[in-house]
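For the record, in the sequence shown the residue sitting at position 344 is 344 according to the UniProt record's numbering, with numbers rising by one throughout. Following: one structure in structure tokens, then a few remarks.
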Amino acid sequence: LELAGRCLGWPLFGARSTTMASAERRERKGAFRRGGAGGGIFKIMLATTIFTAVALSGLVLVGGDEAAAVESGIGRALEVTNVGHGKFTTEMGSTTCSVVACSGNTFLNSEFACEECPTGKSGDGSTCTDCAPGTYYADSIDLCVECSAGRYNPAPASLTCQDCDNGKFSSSPGAFACLTCSAGTYTTAPASSQCAVCGRGKYLSDAASNPALHTSESSCELCPAGSMNEHDETNAENHDKPVDCAFCTTGRYSATDGSSSCTACTTGKSGVGATACTACPPGYECSGSNVDPCPAGKYSNSDTACMSCDVGHRCPGGMDHQVCLPGTVQPATGQSTCVACEAGKYQDDQGKLACTPCPAGHFCPDASSAFIPCGSVSLYCPTNSTSVKAAASGNYTTPVDADETARTGEAVCEAGFACVGGIKTSCDDGFSNPGSSKCEFCGPGKYTHEAEDSTKSCVGCQEGKYSETGSNSIEGCLTCGIGEYSSAASGFCSTVKAGEEAICLPCSTCGLGEEVGLGCTVTSDTECTQCEAAYAGLGGDDSCQLCSGEREYTSVAGHIGPYCNLCEDGYAPDAFQLCQECKTGAGDVAYTLVILVVGLVLLVGLNWALNKKVFKKNPKLKRSLKTGLKILFVSTQILAALPSIVPAIELPENYKEAVESVQVFNLNPFTLIGVGCYNSGWNLNWMLLSTTVLPLVLCGALVAKKKKDAAIAVTFLVLPTVTTTIFKIFPCDDLGNEKEYLHADYSLSCKSASHQVWVAFGVAMVLVWPIGVLSMYAALLYKNRAKIKQEEEEREKDEALMQSAFLWEPYKPSFWWFEIFETARRLAMTGVLGAISPGSDVQLASGIVMTFGGTMVYCICMPFSELKDNILGILTNAQIFLVMLTAMVMKHNAGGEGEEGVGVLLVCMNVLCVLVFVGFGVVQAFSYKKDYDNERKSGAGLAMG
Numbered sequence: 001l002e003l004a005g006r007c008l009g010w011p012l013f014g015a016r017s018t019t020m021a022s023a024e025r026r027e028r029k030g031a032f033r034r035g036g037a038g039g040g041i042f043k044i045m046l047a048t049t050i051f052t053a054v055a056l057s058g059l060v061l062v063g064g065d066e067a068a069a070v071e072s073g074i075g076r077a078l079e080v081t082n083v084g085h086g087k088f089t090t091e092m093g094s095t096t097c098s099v100v101a102c103s104g105n106t107f108l109n110s111e112f113a114c115e116e117c118p119t120g121k122s123g124d125g126s127t128c129t130d131c132a133p134g135t136y137y138a139d140s141i142d143l144c145v146e147c148s149a150g151r152y153n154p155a156p157a158s159l160t161c162q163d164c165d166n167g168k169f170s171s172s173p174g175a176f177a178c179l180t181c182s183a184g185t186y187t188t189a190p191a192s193s194q195c196a197v198c199g200r201g202k203y204l205s206d207a208a209s210n211p212a213l214h215t216s217e218s219s220c221e222l223c224p225a226g227s228m229n230e231h232d233e234t235n236a237e238n239h240d241k242p243v244d245c246a247f248c249t250t251g252r253y254s255a256t257d258g259s260s261s262c263t264a265c266t267t268g269k270s271g272v273g274a275t276a277c278t279a280c281p282p283g284y285e286c287s288g289s290n291v292d293p294c295p296a297g298k299y300s301n302s303d304t305a306c307m308s309c310d311v312g313h314r315c316p317g318g319m320d321h322q323v324c325l326p327g328t329v330q331p332a333t334g335q336s337t338c339v340a341c342e343a344g345k346y347q348d349d350q351g352k353l354a355c356t357p358c359p360a361g362h363f364c365p366d367a368s369s370a371f372i373p374c375g376s377v378s379l380y381c382p383t384n385s386t387s388v389k390a391a392a393s394g395n396y397t398t399p400v401d402a403d404e405t406a407r408t409g410e411a412v413c414e415a416g417f418a419c420v421g422g423i424k425t426s427c428d429d430g431f432s433n434p435g436s437s438k439c440e441f442c443g444p445g446k447y448t449h450e451a452e453d454s455t456k457s458c459v460g461c462q463e464g465k466y467s468e469t470g471s472n473s474i475e476g477c478l479t480c481g482i483g484e485y486s487s488a489a490s491g492f493c494s495t496v497k498a499g500e501e502a503i504c505l506p507c508s509t510c511g512l513g514e515e516v517g518l519g520c521t522v523t524s525d526t527e528c529t530q531c532e533a534a535y536a537g538l539g540g541d542d543s544c545q546l547c548s549g550e551r552e553y554t555s556v557a558g559h560i561g562p563y564c565n566l567c568e569d570g571y572a573p574d575a576f577q578l579c580q581e582c583k584t585g586a587g588d589v590a591y592t593l594v595i596l597v598v599g600l601v602l603l604v605g606l607n608w609a610l611n612k613k614v615f616k617k618n619p620k621l622k623r624s625l626k627t628g629l630k631i632l633f634v635s636t637q638i639l640a641a642l643p644s645i646v647p648a649i650e651l652p653e654n655y656k657e658a659v660e661s662v663q664v665f666n667l668n669p670f671t672l673i674g675v676g677c678y679n680s681g682w683n684l685n686w687m688l689l690s691t692t693v694l695p696l697v698l699c700g701a702l703v704a705k706k707k708k709d710a711a712i713a714v715t716f717l718v719l720p721t722v723t724t725t726i727f728k729i730f731p732c733d734d735l736g737n738e739k740e741y742l743h744a745d746y747s748l749s750c751k752s753a754s755h756q757v758w759v760a761f762g763v764a765m766v767l768v769w770p771i772g773v774l775s776m777y778a779a780l781l782y783k784n785r786a787k788i789k790q791e792e793e794e795r796e797k798d799e800a801l802m803q804s805a806f807l808w809e810p811y812k813p814s815f816w817w818f819e820i821f822e823t824a825r826r827l828a829m830t831g832v833l834g835a836i837s838p839g840s841d842v843q844l845a846s847g848i849v850m851t852f853g854g855t856m857v858y859c860i861c862m863p864f865s866e867l868k869d870n871i872l873g874i875l876t877n878a879q880i881f882l883v884m885l886t887a888m889v890m891k892h893n894a895g896g897e898g899e900e901g902v903g904v905l906l907v908c909m910n911v912l913c914v915l916v917f918v919g920f921g922v923v924q925a926f927s928y929k930k931d932y933d934n935e936r937k938s939g940a941g942l943a944m945g
């Protein structure tokens, strides 16, 4: 049947080409629908008739056997068509039937034909099913198609999908329902495939409950004034609740709704959630919600921020903005005071930046608003004079043609003139040498003698000559006649009587510091002369000898006495025991006091600033820097004490200047200010009493105020200086002739009864200071050794233990004893070394051994808690070792080549130690600051959590 149907172009059971065009399918489908069931039966009957005719023809053509076979095949075919719905066979004698396979959007109907599924349904070749929800029937392709994103279909067998309402969305194809936009999102039109996130300064808190609240960007609510939302449209979680609008912090504000950021107050103040800044009152500075008075150096006279004080003004704080008065200036901005014009300058106007040099012929004291004439011919004032200066005796004021009240300088009186009170007078009938304050007139027995340097003097006539009235030349000395005689410088001659013998007076003995001049003759006494500076006279018949060896001060003014070891009046010894001219004028004293006061103020100010701005935030940095300063102080103190420990120590001149500049570290104010310049009776005995007793009084006062840590620090600072002074009371020098003087002070005799009293006092002070202080340190450290080894937190809780922290805190807990060794080393390098054959090779060799041993101990133990301190300790010990070694070499090779280079090397070593300390300090400061900032951030995070 199928074959016949195919011949007629009538497929019956669905063996239809799957590639048939959709137009043909629709045409046949219409034909089927038009013909109905009757058309199908007619096709079957016609096909059956043709098939039968073909079969019978075959029987006639092939004979009986083939006819029987055909008959048998026809029967099976008919039997197959009755076996089951939708099966067929195309081969003779087939034992199986194939299933009818309908393709595309069709199904096998009751007439065993493939039929198109109705509209709204989809077929699989056997049955038709409704299009599922989320899909629709696409008539153009006869298939169920998923609804596109933004659309949905809730019912089966639908021909179209519906758009999602505004406020809803479907994000993927095949949706059977739309979702309401979540909190923080919205749509702007129907058929949306996704929701947009509210923008900066906005939020939407509805949690998908009402689509009408998500239909446009205006659905997003604006953050109220005083708050802001800085997040962009990338994350709805930053816009889904009111708290996403963060309140403005202190010092910031937002004046309008919907702000994406808060604006910082340029002036005034504001609190949390502010909508505007409040004006700051005049004289105050506002920061956040704080209102603080303008600090010193700033001012405000309106609601603006505090402004830096202008030049020429001073601002003590608040609203004050005061102009600098005459006599004062201020060149810098941001200052709280005006600077008084220094002596020698003036300023006659207000609000100025600099002072004007005082003109010549005038003087200007401190804070001068006008210059003052000198006022007398005996006074003069150079440019920048701070006070009037009197012309010295033998000088006159210049220029002589200037007004007597405005002289600007002085000049030495020329020969032939006498100068007194600044006035120069000619010596008409006499003579004068340059710088004379009076005219000389040679009296009887003398004449005027002009030396090679053109200086003139009165010289006595020789023995046997005379001059009754004096003379201007040697020719005026006349020779005595025969039988007459005269002594030197005689104004007359005597006659020798018969039998008369000359009577000679006994010769005098020269005293200490003098030498025999002309000697003793029959007619004249011994003439003793004072030894010149840099020469020593032992008295008796000895002559002055050039100072040499350990006391060599050749050509240095101011030295007198045995071995030039004393300073004459108006001189005082410096660190190297060289007599320096005293500067005791009012200006010099004031300058010294100002330097001391300024230095003290700077130290106190620096300490306050560091404690307030740096160490308060990080105590560890304070402890670390304190240790480094302690190491530098100890080494510098030992170096500063070397000139007084090793007499006449040989060092390069440029390095001596460096040592002289650090004498302040000896902490001996009596040497620093030169007490000997103000009190001629000042000597080593009074120095010993002052340096030992005053620190004891200070320590006692501190202990009484329960400041034991400060008392320990005082003993640490002054111990080397006090010990060095104590040990100076013992060594004496035997000069022979039963003359024995204290080695450190030749004005004190070791054979006096008072010296024995001072020696006993020195022994007592040895027990109190070097032995007593060292024993106290050892007792404190040994007693607390177990506590020192505790954890740092436990140690800091023990207030009694922290009183002695100055002694043990820099070191590792296992080296709790190291300060005992360090104190013993300091005492050995100062007091003990000073008592070992002062100035000898033995003393220098002992110092070299001590410093080398100390360096080795530091290298082996590495006692400090921090590596930088161990490095600094080793460097400072090595520095002292190099200085001692240099002194030994130069003592035996004085004036050798390369001396200046060695001095530069030693100075560089000092600078290197300081640079190491500063470098490590800067690195630690940044490291500790980073740790501090991290701790603050960590703490802030925990607080917010």
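The beta carbon of each residue, even a glycine, is placed where N, CA and C say it ideally should be. Quick caveat, the model's predicted, so the values are computed rather than measured.
Check whether residue i and residue j have beta carbons under 9 Å apart
| i | j | result |
| --- | --- | --- |
| W682 | I726 | no |
| C461 | G481 | no |
| G443 | G491 | yes |
| G184 | N153 | no |
| Q335 | H313 | yes |
| C286 | K298 | no |
| A367 | A332 | no |
| G167 | N210 | yes |
| N384 | K345 | yes |
| G104 | D139 | no |
Cutoff 7 Å; reference residue i; Cβ partners in own chain excluding five residues on either side
| i | result |
| --- | --- |
| F417 | K424, T425, S426, C427, S432 |
| Q803 | K708, D709 |
| S846 | L833, I836 |
| A21 | Any reading at A21 must be qualified, since the residue scores a pLDDT of 38, below 50, and its modelled position is unreliable; no value is offered. |
| T127 | F107 |
| S393 | V420, S437 |
| L807 | I712, Y777, L780, L781, E819 |
| P242 | Y203, S205 |
Where residue i sits in the DSSP three-state scheme
| i | result |
| --- | --- |
| G84 | With a pLDDT of 44 at G84, under the threshold of 50, the predicted position of this residue should be treated as unreliable, and no value is reported. |
| T188 | coil |
| T715 | helix |
| T135 | strand |
| V646 | coil |
| L748 | strand |
| Y346 | strand |
| A196 | strand |
| S287 | strand |
6 Å Cβ shell around residue i - same chain, five flanking residues per side excluded
| i | result |
| --- | --- |
| C439 | A418, C427, G430, S432 |
| W686 | none |
| G762 | I726, I729 |
| T691 | V722, T725 |
heavy atom of the ligand GTP below 8 Å from residue i C-beta
| i | result |
| --- | --- |
| P695 | As for the ligand GTP, it is missing from this structure, which has no ligand bound. |
Own chain residues within Cβ distance below 8 Å of residue i, not counting five before or after
| i | result |
| --- | --- |
| H743 | P647, K728, P731, C732, D733, P838 |
Subject >> Completely contained beta strand (DSSP E) runs for the segment 453-478, where each covers 3 or more residues >> reply: 456-460
Original post:
Using 8 Å as the threshold, is the segment 647-657 in touch with the segment 666-680, meaning 3 or more CB pairs across them?
Top reply: no
**OP:** Go through the segment 755-842 residue by residue and report every complete run of the beta strand (DSSP E) that reaches 3 residues or more, in order.
**Re:** none
**OP:** Give, in chain order, every unbroken run of the beta strand (DSSP E) that is at least 3 residues long and sits entirely within the segment 109-166.
**Re:** 114-116, 121-123, 128-130, 135-138, 143-146
Original post:
If we count Cβ pairs, one from each stretch, closer than 8 Å, do we get three or more for the segment 760-777 versus the segment 809-828?
Top reply: yes
**OP:** Tell me, please, whether the segment 688-707 touches the segment 631-647 by the rule of three or more beta-carbon pairs shorter than 8 Å.
**Re:** no
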